[in-house]
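Colleague: Residue numbers (the UniProt record's numbering): 1 to 147.
1) Measure how close the beta-carbons of residue 36 and residue 104 come, nearest whole angstrom, since I'm counting them as under 8 Å.
2) Report buried or exposed for residue 9, applying the criterion of at least 16 other Cβ atoms within 10 angstroms of its Cβ.
3) Does the Cβ-Cβ distance between residue 76 and residue 17 come in under 7 Å?
4) In chain order, which continuous runs of the alpha helix (DSSP H) of length 4 or greater are located wholly inside the UniProt domain "Cell wall hydrolase SleB" (24–134)?
5) Can you tell me the Cβ-Cβ gap for residue 4 and residue 93, rounded? I've got them flagged as a contact below 8 Å.
6) According to DSSP, is residue 144 helix, strand or coil?
7) Suppose you measure from the CA of residue 110 to the CA of residue 1; what does that come to, to the nearest Å?
8) Since I believe residue 137 is in contact with residue 123 (beta carbons under 8 Å), could you give me their beta-carbon distance rounded to a whole number of angstroms?
9) What is the rounded straight-line gap between the Cα of residue 117 and the Cα of residue 99?
10) Alpha carbons only, please: which of 120, 119, 144 and 115 is nearest the one belonging to residue 131?
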């Protein structure tokens, strides 16, 4: 059973986001970005209480800016999604998850080498190539650990 319901246009948006944010990190990197997107859909906590679908997650505004750099800079729309990215997005929707993004709600690409142990007070769950992943502090977002 899928972790979330997704319409065709949301799968396309998610695939485009995964490609824009992590194409240089290959299939695995794109799947990790997909983990974060789906985790934000299912999270009923913190900054994600009001986002209940993939479209809302991708276009969420926090602190006056879009949450994802690819949307802020517009490069999420530079290229169409390809069949390969749509398949990866569908894998995430169908429950594919893996460490370090398995429960992550955030990721970023630091300008300096290495990942800080926390990011905005949230613990580091691990790196993958150029990205650092962070999951919620224990007891603050149990919904992300379900399903």
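Beta carbons: idealized from backbone N, C-alpha and C, even for Gly. Given the structure is predicted, the values throughout are model-derived calculations rather than measurements.
Modeller: Let's see:
1) For the purposes of this step, residue 36 is taken as residue 36 along the chain shown, with counting starting at 1. For the purposes of this step, residue 104 is taken as residue 104 along the chain shown, with counting starting at 1. Indeed they touch by this definition, with Cβ atoms about 5 Å apart.
2) As a working mapping, residue 9 is identified with position 9 in the chain shown. Exposed, since its Cβ has fewer than 16 Cβ neighbours within 10 Å.
3) Along the chain shown, one-based indexing puts residue 76 at 76. Along the chain shown, one-based indexing puts residue 17 at 17. Yes, the pair counts as a contact, with Cβ atoms nearer than the cut-off.
4) Counting whole runs of 4 or more residues, the UniProt domain "Cell wall hydrolase SleB" (24–134) contains the alpha helix (DSSP H) stretches 26–42, 54–58, 69–72 and 83–93.
5) For the purposes of this step, residue 4 is taken as residue 4 along the chain shown, with counting starting at 1. For the purposes of this step, residue 93 is taken as residue 93 along the chain shown, with counting starting at 1. Between residue 4 and residue 93 a beta carbon distance of about 6 Å is seen, short of the 8 Å cut, so the two are scored as contacting.
6) The residue labelled residue 144 in the question sits at position 144 within the chain shown. DSSP places residue 144 in helix when its eight states are reduced to three.
7) Here residue 110 refers to the residue found at position 110 when the chain shown is read from its first residue. Here residue 1 refers to the residue found at position 1 when the chain shown is read from its first residue. One C-alpha to the other measures close to 35 Å.
8) As a first step, residue 123 must be located in the chain shown, where it is residue number 123. As a first step, residue 137 must be located in the chain shown, where it is residue number 137. Correct: roughly 6 Å between the Cβ atoms.
9) Residue 117 sits at position 117 when you count from the first residue of the chain shown. Residue 99 sits at position 99 when you count from the first residue of the chain shown. Each residue's alpha carbon lies about 16 Å from the other.
10) As a working note, residue 131 is residue 131 in the chain shown. Checking every option, the nearest Cα to that of residue 131 belongs to 115.
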